[in-house]
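J.:
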Amino acid sequence: MSMDASARAGTEVLAVGGKGGTGKTTIVAIMAKILCSAGTGLLAVDADPPVSLTYALGAEPRKTLGSLRTRLIEDPRERREIGDTHIRDVIADEVVLDLDFMDLLVLGQAEGPGCYCGLNELLKFGIDALAKKYQVTLIDCEAGIEQINRRVINSVHTLIMVSDATVKGLRTAAYLKKIARDYGVEGDYRTGLIINRVANNAEGLVNMARDMDLDLLGVIPVDERVAQYDLTGRPTFELPDDAPSVVAVRNILKKLGMIS
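Under my numbering, the first residue of the sequence shown is numbered 123, with each subsequent residue one higher.
1) Below 8 Å CB to CB, which residues in the same chain sit around residue 347 once its five sequence neighbours on both sides are set aside?
2) Counting along the chain, where does the beta strand (DSSP E) carrying residue 285 start and finish?
3) Rounded to whole angstroms, what is the Cα-Cα separation between residue 102 and residue 302?
4) What residue from 161, 162, 218, 201 has the CA that sits closest to residue 181's CA?
5) Quick one: is residue 304 near chain D, going by C-beta distance under 8 Å?
6) May I ask which residues mark the beginning and end of the alpha helix (DSSP H) holding residue 325?
7) Just the Cα atoms here: how many angstroms apart are residue 358 and residue 157?
8) Comparing C-alpha positions only, which one of 298, 312, 196 sits nearest to residue 273?
9) Helix, strand or coil for residue 140, going by three-state DSSP, please let me know.
10) Tell me, to the nearest whole angstrom, how far the beta carbon of residue 344 is from that of residue 321; I am working on the premise that it is less than 8 Å.
11) How would you call residue 167, buried or exposed, if buried means at least 16 neighbouring beta carbons within 10 angstroms?
12) Provide the residue span of the alpha helix (DSSP H) that contains residue 81, from first to last.
13) Use the C-beta contact count for residue 355: other C-beta atoms within 10 angstroms, 16 or more gives buried, fewer gives exposed.
14) In three-state DSSP terms, what is residue 355?
15) Using C-beta distances below 8 Å, list every residue in its chain close to residue 210, excluding the 5 sequence neighbours before and after it, in chain order.
Shown next, in the form of structure tokens:
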């Protein structure tokens with residue numbers, strides 16, 4: 123999908139975060155599936171170094187921001203030639219993957235000297251530069267609070283916290299919301315909570331979320347098809363439309379006003 127073809131009126135940047143193991147990547151992949159089916163011009167961003175979203179979408183991390191950063195570190199001449207004024211075009215031309223049904227920007231691993239700080243700065247620049255070309259930019263954040271705390275994801279319209287059906291998950295979601303409010307995210311934005319993999323009555327968790335001032339967007343039930351796909355390595359993107367998790371995520375996107 124070319125960026126020009128997908129550029130339409132309105133831009134929504136939606137970031138999804140939470141503690142590790144909550145299933146946030148699965149939810150992002152399902153969101154991408156539904157948005158693509160609705161004809162949305164979509165940029166998906168795999169901002170988690172293990173590149174799990176990339177595989178969940180049925181893609182391979184052939185090009186990443188990490189590999190671009192390594193090139194720039196190892197070749198000062200290329201770094202000078204590119205400069206800040208051209209880095210957006212370089213990211214669009216050399217890093218963004220065209221998956222036909224969406225475009226994908228992959229963070230990847232930090233190779234060579236230095237930490238993830240420089241790579242996260244490149245990610246921030248890439249998102250800020252590219253998002254305006256798409257109807258929706260959908261970000262699968264790194265697990266935990268690091269990218270929010272370091273203001274990597276600092277310009278979003280919607281921040282979704284994903285929790286599993288545990289008190290620890292809810293506490294992490296509440297802390298993520300606080301960090302975003304106090305340090306990380308600029309401007310007006312909305313927040314919401316998704317409780318994932320709920321096996322039984324979620325009333326207690328819903329009440330606890332309310333007490334923590336978390337706006338509940340929806341509850342996703344345990345879905346055996348998701349477990350089967352994970353076990354066999356089949357992309358989450360290929361889940362059928364009637365899978366319980368897909369139905370639940372579709373209702374959440376409707377609640378957010380992102381699909382009709």
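Glycine included, every Cβ here is placed at the ideal spot set by N, Cα and C.
T.: With the given structure in hand:
1) Position 225 of the sequence shown, counting from 1, holds the residue named residue 347. 361, 362, 365, 366, 367, listed in sequence order.
2) As a position in the sequence shown, residue 285 is number 163, starting the count at 1. Per DSSP, residue 285 belongs to the beta strand (DSSP E) from 280-286.
3) Past the edges of the chain, shown from 123 to 382, lies residue 102, and the structure says nothing about it.
4) Locating residue 181 in the sequence shown gives position 59, where the first residue counts as 1. That would be 218, whose Cα lies nearest to the Cα of residue 181.
5) No chain D is present in this structure, which holds just one protein chain.
6) Position 203 of the sequence shown, counted from the start, is the residue given in the question as residue 325. It spans 325-333 - the alpha helix (DSSP H) in which residue 325 sits, taken as one unbroken run.
7) Residue 358 sits at position 236 when you count from the first residue of the sequence shown. Residue 157 sits at position 35 when you count from the first residue of the sequence shown. Rounded to whole angstroms, residue 358 to residue 157 spans 14 Å at the Cα level.
8) The count along the sequence shown starts at 1 and reaches residue 273 at position 151. That would be 298, whose Cα lies nearest to the Cα of residue 273.
9) For this step, residue 140 is matched to residue 18 along the sequence shown. Three-state result, residue 140: strand.
10) Residue 344 sits at position 222 when you count from the first residue of the sequence shown. Residue 321 sits at position 199 when you count from the first residue of the sequence shown. Indeed, because the Cβ distance is near 5 Å, the residues count as touching under 8 Å.
11) Numbered from 1 along the sequence shown, position 45 holds the residue referred to as residue 167. Buried is the call here.
12) Nothing can be reported for residue 81, as the shown portion of the chain is limited to 123 through 382.
13) Reading the sequence shown from its first residue, position 233 is the one you call residue 355. Residue 355 is exposed by the Cβ-count criterion.
14) Taking the sequence shown and counting its residues from 1, the one referred to as residue 355 is at position 233. The answer is coil: DSSP assigns residue 355 none of H, G, I, E or B.
15) In the sequence shown, the residue the question calls residue 210 occupies position 88. Here the set comprises 247, 248, 251, 252.
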